[in-house]
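Novice:
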Ligand code: UDP
Ligand code: MG
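In full-length UniProt numbering, the protein residues as written are 1 to 150.
1) CB of residue 93 to nearest heavy atom of the ligand UDP: below 7 Å?
2) Between which two residues does the alpha helix (DSSP H) carrying residue 146 extend?
3) With a Cβ-Cβ cutoff of 8 Å, do residue 6 and residue 65 count as a contact?
4) Can you give me the Cβ contacts of residue 150 inside the same chain, cut-off strictly under 7 Å, excluding the 5 residues immediately before and after it?
5) Of the residues 15, 20, 32, which one's Cα is nearest the Cα of residue 141?
6) Taking three-plus beta-carbon pairs below 8 Å as touching, is the stretch 77-93 in contact with the stretch 3-18?
7) Enumerated in chain order, which unbroken segments of the beta strand (DSSP E) with a length of 3 residues or greater are wholly contained in the UniProt domain "Nucleoside diphosphate kinase-like" (3-139)?
8) Since residue 69 contacts residue 12 with CB under 8 Å, what's their CB separation in whole angstroms?
9) Kindly list the residues whose CB is nearer than 7 Å to the CB of residue 3, restricted to its own chain and excluding five residues on each side of it in sequence; keep chain order.
10) On the three-pair Cβ rule with 8 Å, is the stretch 34-43 touching the stretch 112-122?
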């Protein structure tokens, strides 16, 4: 079984709106395994590294203000195809393009308040996990995996 890991983050609007549990549930229900979780107020330095590829975008200052407006919940979810399927569970970047049944498609409207982040490649997932969890993540056996994977 693949041990692929992805970095998923509930953004400040999701924390403040009380949607952390619902977002966690989507990943749990699907069968993914929680490997790390942390609530923190991210500072500009951390977020500038996380969003380094967007630094020149016109929306970057607003994105920084949004992401520092309150605490975020960073998580690592593990399992087969976790990166690609994690993005599918979140929906499209612009919530208005997100299908019902996805997190963004069910809970939000504007791109600048789109509730959650998910890594877009295995390479970026590994970078983001190292950035947000420098202490490492938790490895453990989950017997119920036998009911999820063939
Ligand atoms: N964003 C925005 N306006 C845009 C594009 C992106 O405010 O036109 C914000 C939005 O919160 C998005 C984040 O910047 O989630 C990162 O953008 P990216 O293109 O990486 O989208 P994601 O990977 O989050 O779907
Ligand atoms: Mg992105």
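C-beta: ideal position from N, C-alpha, C; glycine also.
Specialist: The answer reads as follows:
1) In this structure, residue 93 has its CB closer than 7 Å to one or more heavy atoms of the ligand UDP.
2) Taken as a continuous stretch (DSSP letters only), residue 146 belongs to no alpha helix (DSSP H), as it is neither H nor E.
3) No, the Cβ-Cβ distance between residue 6 and residue 65 is not below 8 Å.
4) Excluding residues within five positions, none has a Cβ falling inside 7 Å.
5) Comparing Cα-Cα distances from residue 141 to each of 15, 20, 32, the minimum goes to 32.
6) The stretch 77-93 vs the stretch 3-18: in contact.
7) List check, beta strand (DSSP E) in window: 5-10, 33-40, 72-78, 116-118.
8) Taking 8 Å as the upper bound for CB-CB distance, residue 69 and residue 12 are in contact here, some 5 Å apart.
9) Short of 7 Å from the beta carbon of residue 3, and not among the five residues preceding or following it, lie these beta carbons of its own chain, in chain order: 78.
10) No contact exists between the stretch 34-43 and the stretch 112-122.
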